[in-house]
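Q: Under the numbering used here, the first residue of the sequence shown is numbered 10, with each subsequent residue one higher.
A virtual CB, placed ideally from N, CA and C, is assigned to each residue, including glycine.
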Amino acid sequence: MNSKGDIRVSLIIPFIDNHEEVLQLKTNLDQQNYPKELTEIIFVDNGSKRNFTFPDQFVNDLVFLREDENLNSPYSARNRGIEIAKGDVLVFIDANSRPAKDWLVNGLRCMVRSNCEIAAGDVQFDLKDSPSVANIVDALTSINMRKAVQERGVAYTANLFIRKEVLEKVGLFEERSRSGGDVRWSMRAAEKGYRISFCKDALVYKFPRSFKALFNKKIRTGRGYFYTWRSEHEKPIWFYNLLRSLKPPVFSRWNNDPARLQLIQSGNRVLIWFMLYIAGIVEQLAFSMEYLRYNLGKQRDIDRREELVGENIQNDA
10 MNSKGDIRVS LIIPFIDNHE EVLQLKTNLD QQNYPKELTE IIFVDNGSKR NFTFPDQFVN
70 DLVFLREDEN LNSPYSARNR GIEIAKGDVL VFIDANSRPA KDWLVNGLRC MVRSNCEIAA
130 GDVQFDLKDS PSVANIVDAL TSINMRKAVQ ERGVAYTANL FIRKEVLEKV GLFEERSRSG
190 GDVRWSMRAA EKGYRISFCK DALVYKFPRS FKALFNKKIR TGRGYFYTWR SEHEKPIWFY
250 NLLRSLKPPV FSRWNNDPAR LQLIQSGNRV LIWFMLYIAG IVEQLAFSME YLRYNLGKQR
310 DIDRREELVG ENIQNDA
């Protein structure tokens with residue numbers, strides 16, 4: 010990629026039942042200051058049950074796919090988009106997002122200037138004038154892209170730019186995965202020598218979750234983290250993080266993050282503290298339950314047999 014002006018991009022966006030957010034996101038994407046003739050937009054329905062019909066003109070301007078086999082897996086939905094994407098760079102964003110007008114331009118510029126194959130843009134939360142405690146806790150505990158890239162060397166598909174040839178070499182996201190598939194893909198990419206750059210100016214805003222959605226997410230991410238934990242070479246004993254979650258949270262952990270610290274100061278600190286505490290425990294309980302389900306069920310033996318087959322194939326090669 011020599012110039013951001015001639016790069017074809019494919020935007021891949023999974024969704025399920027949030028049709029209004031899809032319509033709003035399309036409006037935001039139309040306002041991008043990047044050439045439309047170089048932009049392909051792919052929406053992938055991951056099992057919507059609502060009876061909703063998009064306007065004809067809306068559908069005609071886009072590529073619409075449907076993932077029917079692995080329902081409720083955003084990573085399988087993204088894989089279907091990857092398989093038909095025509096762009097030089099594939100860009101991932103969530104449907105419940107609002108990208109800044111110069112988001113695409115800045116993300117591509119970052120890739121060119123830093124000569125990187127993978128770029129992760131910043132994610133901030135679009136909070137109302139009077140956000141609920143759940144909104145604040147979601148913003149505090151969800152995506153911190155800078156920290157993920159700089160401290161862990163991983164990134165999230167909430168705002169991610171990947172050169173197509175990298176996906177061809179590293180492979181697709183895990184099929185059927187509901188959470189953490191982007192982190193595990195990042196780890197595989199790192200093992201192959203690819204690096205991720207953080208792009209502060211490629212900014213996307215996300216809408217924070219309600220109370221119910223927040224705790225559903227904590228259960229989902231806790232279960233997903235189990236599979237990330239399994240793939241780590243050096244990992245703590247499985248119940249370590251559960252024990253850590255019993256230690257009450259402290260607000261000082263956000264002292265070096267002015268934006269998030271301001272969120273704490275804008276709400277009821279006692280309620281925020283309490284919900285942070287409960288959310289952390291719920292997430293680690295979900296991890297522990299997934300650990301037990303996996304190890305007491307049949308999947309561990311199935312995976313082990315597949316690993317042995319793979320090792321035998323490598324030894325015979």
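1. Could you work out which residue in SER106, THR48, LEU251, CYS119 is closest to ASN330 when comparing CA atoms only?
2. Contact check, PHE207 vs TYR300 under 8 Å by CB: the rounded distance?
3. Only counting the same chain, and skipping five residues up and downstream in sequence, which positions put a Cβ closer than 8 Å to that of PHE85?
4. Exposed or buried, which one is SER139 when buried takes at least 16 other CB atoms within 10 Å?
5. Beta carbon of LEU136, beta carbon of PRO217: below 8 Å?
6. Just checking, does the stretch 24-43 make contact with the stretch 103-119 on the three C-beta pairs under 8 Å criterion?
7. Please report the distance separating the alpha-carbon of TRP238 from that of PRO64.
8. What residue does the alpha helix (DSSP H) around PHE283 start on, and which one ends it?
9. Can you give me the C-alpha to C-alpha distance between ASN277 and LEU270, rounded to a whole angstrom?
10. Whose C-alpha, out of LEU32, ARG232, MET154, is nearest the C-alpha of PHE61?
11. With DSSP as the reference, identify every bridge partner of ASN168, one or two as the case may be.
12. How big is the Cα-Cα spacing for SER275 and ASN265?
13. List the endpoints of the continuous alpha helix (DSSP H) containing CYS342.
14. Excluding the 5 residues preceding and the 5 following LEU3 in the sequence, name in chain order all residues of the same chain whose CB lies nearer than 6 Å to its CB.
15. In this structure, how does DSSP classify GLY190 when only helix, strand and coil are distinguished?
16. For LEU66, count the other beta carbons within 10 Å of its own beta carbon; 16 or more makes it buried, fewer makes it exposed. Which is it?
17. What does the alpha-carbon distance come out to for the pair LEU294 and THR230?
18. If I measure Cβ to Cβ from ARG59 and keep anything under 7 Å in the same chain, skipping five residues before and after, which residues do I get?
19. Can you tell which of ASN88, ALA211, MET120, ARG262 has its C-alpha closest to the C-alpha of TYR203?
20. Residue ranges of each beta strand (DSSP E) run of no fewer than 3 residues wholly in the stretch 213-238, ordered along the chain?
21. When burial is assigned at 16 or more other CB atoms within 10 Å of the CB, is ASP70 buried or exposed?
22. Less than 6 Å between C-beta atoms, sequence neighbours within five positions excluded: which residues of the same chain meet that for ASP191?
23. Under a Cβ-count criterion, where at least 16 other Cβ atoms within 10 Å of its own Cβ denotes burial, should ILE93 be classed as buried or exposed?
24. DSSP puts VAL163 in a beta bridge; with which residues?
A: Answer, in terms of the structure:
1. This structure gives no information on residue 330, because the portion of the chain shown stretches from 10 to 326.
2. Contact doesn't hold; Cβ gap of about 31 Å is too wide.
3. Before going on, a small fix: residue 85 reads as Ser here, not Phe. Cβ-Cβ distances below 8 Å link SER85 to ASN55, GLU76, GLU78, ASN79, PHE182, GLU184, ARG185, SER186 in the same chain, with the five nearest sequence neighbours on each side left out; the list follows chain order.
4. That one is exposed.
5. Their beta carbons are under 8 Å apart, which means LEU136 touches PRO217 by this criterion.
6. The stretch 24-43, when compared against the stretch 103-119, does touch it at the 8 Å Cβ threshold.
7. So the alpha carbons of these two residues sit roughly 43 Å apart.
8. Counting along the chain, the alpha helix (DSSP H) containing PHE283 begins and ends at 278-305.
9. Answer to the nearest angstrom: the Cα atoms are 13 Å apart.
10. Answer by Cα proximity: LEU32.
11. Residue pairing by DSSP places ASN168 opposite ILE102 in a beta bridge.
12. Taking the Cα positions, SER275 is about 17 Å away from ASN265.
13. Nothing about residue 342 can be reported from this structure: the residues present for the chain run from 10 to 326 only.
14. Because the chain is modelled from 10 through 326, residue 3 falls outside the range shown and cannot be assessed.
15. Helix at GLY190.
16. Note that residue 66 is Gln in the sequence shown, not Leu. Label assigned to GLN66: exposed.
17. LEU294 and THR230: Cα-Cα distance of roughly 11 Å.
18. Here the set comprises ASP26, HIS28.
19. The shortest C-alpha separation from TYR203 is found at MET120.
20. Whole beta strand (DSSP E) segments, 3+ residues: zero.
21. Exposed: under 16 other Cβ atoms inside 10 Å.
22. Same-chain partners within the cutoff: TYR165, THR166.
23. With fewer than 16 Cβ atoms within 10 Å of its Cβ, ILE93 is classed as exposed.
24. Bridge pairing for VAL163: absent [DSSP].
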